[in-house]
Amino acid sequence: MVPGAAGWCCLVLWLPACVAAHGLRIHDYLYFQVLSPGDIRYIFTATPAKDFGGIFHTRYEQIHLVPAEPSEACGELSNGFFIQDQIALVERGGCSFLSKTRVVQEHGG
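Those letters in the sequence shown? Residues -21 to -1, 1 to 88, by mature numbering (1 follows the signal peptide of the UniProt record, and there is no 0).
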């Protein structure tokens, strides 16, 4: 992990091989596993957004879940540098989901 990045989680994202080759559809599941810290180790499932976003073609291994600062991510992020090429953990509320995704994308997340 990057020094000074306390609170980060290590993730593995994976898809079945056939889905990864053809893209994830609306009714397909995306799985991600929190590896550390051990007290929140778990396999989560999610589905892609129905109306926006890209198609998942890639398998990611050993990437980090970085809590956004401020947590609602409705404006400039103080830790935006650490979100680049990682996954941002964003709290609900404060602004629209679309606004949050734009803020995170502006920081390379």
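Don't be surprised by glycine CBs; every beta carbon is placed ideally from N, CA and C.
The structure presented is a predicted model; accordingly, all values stated were derived computationally and were not measured.
Cβ-Cβ distance between residue 10 and residue 24 below 8 Å: yes
With 16 other Cβ atoms within 10 Å as the buried cut-off, status of residue 46: buried
Alpha-carbon to alpha-carbon, residue 12 and residue 18: 13 Å
N-terminal and C-terminal residue of the beta strand (DSSP E) that residue 41 is part of: 39 to 46
Collapsed DSSP secondary structure at residue 77 in the structure displayed: helix
Backbone CA spacing between residue 56 and residue 82 [nearest angstrom]: 8 Å
Opposing strand residues paired with residue 57 [DSSP bridges]: Residue 57 pairs with nothing; no bridge assigned.
For residue 13, the three-state DSSP class (helix, strand or coil): strand
For residue 86 and residue 64, the rounded distance between their alpha carbons: 9 Å
Through-space distance from residue 84 to residue 28, alpha-carbon basis: 16 Å
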